Amino acid sequence: MEPETPPPGNAEPISEAEALRRLRQSEDQSLQYYGAWWLGRMRSRHPDTVPLLCQALRQRQPRDAGAGVEHNAVARNAARALGKLADQRAIGDLLEALEDEDDGLREAAARALGDLGAELAVLPLCRRLASGPSVAGAPQTNSPKLQEPCEALIEALGDIGVATPAVLAVIEPFLDHDRPLIRSAATRAMLQLSGEPQWGERLVILLSHPQLQVRRAALMDLGAVGWRPALGAITATLAENSLKLIALRGLVEQGQGEPDTEAVLLAMDELL
Amino acid sequence: MTLPPSGMPQPDLSPLVAAVDGAHSAESLVQATRALALALAPPPDGSSALTPEMLTAIRTLVGVMGFNNPGAAVAAVDGLMACGPAAVEPLLEGLDNHNYGARAWAVRALAGIGDGRGLDLLEEALQGDIGPSVRRAAARGLGQLRLGTLEPESRAPVWERCLGALVRGSQDDEWVVRYAVVVGLESLGRSPHGPRPTPATLMACLERLAQAAQEAIPVVRLRAQLALDRLASP
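Taken in order, these protein sequences are the chains called A and B. So for the first sequence, my numbering puts the first residue at 91; every next one is plus one. So for the second sequence, my numbering puts the first residue at 2; every next one is plus one.
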């Protein structure tokens, strides 16, 4: 899961009208970038919001290393915002972005499609992952990135929730990927799709992994699924209370059964 | 918090202080701070009469909070909280307003100790600190000040100040801060030194945070409803 970070600089409060104006103009991309972020963060319901974000998602920019912004920065931020707004009209443009040559944009589009629960995305997501850990999941030359943004693609499949044998068969090989973060994403998706406790127990084991980054990812994954049997293990994890609180919020909002909601809330109180 | 039986001799703190001062790596600082924090206990009679050794030890822990070592800072906060009110003066005196990290840890320690002298800092932190984790700790702390240790005539005004700060904090942009405000309001409402019946301002604030039309985050609403239920049936 991605942490939510505001764009740097530019932190003054603005109005919805101002955010729309910034997104609508196209001379200054950093203003567009902030406008897109703002509209997603504030869950804008203005009728122009989704069409403007879709238009921004179709906008491509050449890589400009000197400018200090990421490749296709506006399009990526528009994809993220569309994921937050949960409007089905965005699905067509997001599916197209999933086929873009920019892997960062594919990653943002996959996460947004997962947020939207877009069943139409299941086939294209599976197609990207079908070559397995040795091709889609192999490192790029001269980069720590993988050939495909596997973590986002797998998490999207779990979030969408279509649990056919074909989908499970695509995810399963990634359970043994070299990188613990990919293993964590695959385990989380298997738990969401199958509901079998063995996958929750595997995530709990990752909560005591020696690397903090892996423990954090497992916390976020357990929270995203809302797997309540992990309550005790989450509170005992060596990580920031802020992250444990986010995970426990997930247990309350996404989870069910035992321990009951009140028990999870009282455990949150202890972490404040 | 468990108090040692009175009359138990204090362990010799000076070698433990020396170990913190002489720590040469991040990990050895964590270990030394833990050892010092564990050895510190509040003065047996609950007074704030500190031996010079204890004062040095407390100041050492306060200093550790400024070293940008989270593991050591957590241990220092635990040690200061275990000392209770005796740690408040050294904490406030040792506060470095320019060291953001140290301030955040001090807010946590003061929130945990619950001493009235921390009120100004907690109020300020909830209203203006840039770190959500600091505002969150301050909100919780404002609900659990130990009003019984204050002069009887200042209990009601301090209670009112805490309520005012929490009601303002209920507008915070971060869900986790609003969640902590709910927890703070509930414990403030349950304080035996607060007014009876619970003032309408407090209940109205919780009711607002329990409603979907006014509060977007489900976990905050659920916690606010739980607080309302528990305040209704003590």
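Note that the Cβ used here is the ideal one computed from N, Cα and C, for glycine as well. All figures in this text were calculated on a predicted structure; none of them were measured in a lab.
Between Arg222 of chain B and Ala233 of chain B, the CB-CB gap reaches or exceeds 8 Å.
Between Leu30 of chain B and Leu17 of chain B a beta carbon distance of about 13 Å is seen, past the 8 Å cut, so the two are scored as non-contacting. The three-state reading of DSSP puts Leu189 of chain B in helix, counting H, G and I together.
The beta-carbon separation of Ala138 of chain B and Glu187 of chain B, rounded to 16 Å, does not stay under the 8 Å limit for a contact. Boundaries for Leu51 of chain B: no alpha helix (DSSP H) harbours it, and the DSSP string shows neither H nor E there.
Ala58 of chain B is a Cβ neighbour of Leu41 of chain B, given a cutoff of 8 Å. Rounded to whole angstroms, the Cβ separation of Leu293 of chain A and Ser274 of chain A is 7 Å, and the two are in contact under 8 Å.
With its beta carbon at least 8 Å from every one in chain A, Val182 of chain B lies outside the interface. In terms of Cβ geometry, Gly345 of chain A and Gly316 of chain A form a close pair [threshold 8 Å].
Annotation: Gly222 of chain A is outside any alpha helix (DSSP H) and is labelled neither H nor E by DSSP. Taking 8 Å as the cut-off, the beta carbon of Gln119 of chain A is found closer than this to the beta carbon of Gln151 of chain A. The C-beta of Val342 of chain A comes closer than 8 Å to at least one C-beta of chain B. In this structure, A:Ala199 is the residue among A:Ala199, A:Ala226, A:Val257 with its C-alpha nearest to the C-alpha of Ala180 of chain A. Of the residues A:Asp205, A:Ala253, A:Gly248, A:Glu262, the one whose Cα lies closest to the Cα of Gly227 of chain A is A:Glu262. The beta carbon of Asp173 of chain B is closer than 6 Å to those of Arg179 in its chain, skipping five residues each way along the sequence. Legend: CB atoms of the segment 176 to 205 of chain A lying less than 9 Å from CB atoms of chain B are not found in any residue.
Chain-ordered listing is empty here: chain B has no CB closer than 8 Å to the CB of Asp268 of chain A, the nearest sitting near 28 Å.
For the 8 Å CB-CB criterion, Leu356 of chain A and Ile324 of chain A do not form a contact. A Cβ-Cβ distance of about 20 Å is found for the pair Leu236 of chain A and Val257 of chain A, leaving them out of contact under the 8 Å criterion. Residues of chain B whose Cβ lies closer than 7 Å to the Cβ of Leu335 of chain A are, in chain order, Val177. For the alpha helix (DSSP H) assignment, the uninterrupted runs of no fewer than 4 residues enclosed by the segment 239 to 316 of chain A are, from N- to C-terminal side, 240 to 250, 255 to 261, 270 to 284, 287 to 296, 302 to 315. One Cα belongs to Ser15 of chain B, the other to Val21 of chain B, and the distance between them is close to 10 Å. Per the Cβ contact rule, the segment 237 to 244 of chain A is in contact with the segment 199 to 215 of chain A (3 or more Cβ pairs under 8 Å). In this structure, Leu142 of chain A lies near Leu113 of chain A, with their beta-carbon atoms less than 8 Å apart. A direct Cα-Cα distance of roughly 49 Å separates Cys206 of chain B from Val260 of chain A. In the structure shown, the three-state DSSP call for Pro229 of chain A is strand. Close to chain A, meaning a Cβ-Cβ distance shorter than 7 Å, are the following residues of the segment 126 to 153 of chain B: Ser134, Arg137, Ala138, Arg141. Per DSSP, the unbroken alpha helix (DSSP H) holding Ile324 of chain A starts and ends at 321 to 326. Spanning the alpha carbons of Arg170 of chain A and Leu362 of chain A requires a straight line of approximately 29 Å.
Residues of the segment 348 to 360 of chain A whose Cβ lies closer than 8 Å to any Cβ of chain B, in chain order: Thr351, Glu352, Leu355, Met358, Asp359. Across the structure, Ala181 of chain B and Thr139 of chain A are spaced so that their CA atoms are roughly 32 Å apart. Residue pairing of Leu207 of chain B in beta bridges, as defined by DSSP: absent, with no partner found. Listed in chain order, the non-local C-beta contacts of Met358 of chain A below 7 Å within the same chain comprise Leu335, Leu338, local neighbours out to five positions each way being set aside.
The C-beta of Gln215 of chain B has fewer than 16 other C-beta atoms within 10 Å across all chains shown, which makes the residue exposed. Approximately 17 Å separates the beta-carbon atoms of Leu265 of chain A and Leu215 of chain A; this is outside 8 Å, ruling out the contact. DSSP links Leu236 of chain A through a beta bridge to A:Pro229.
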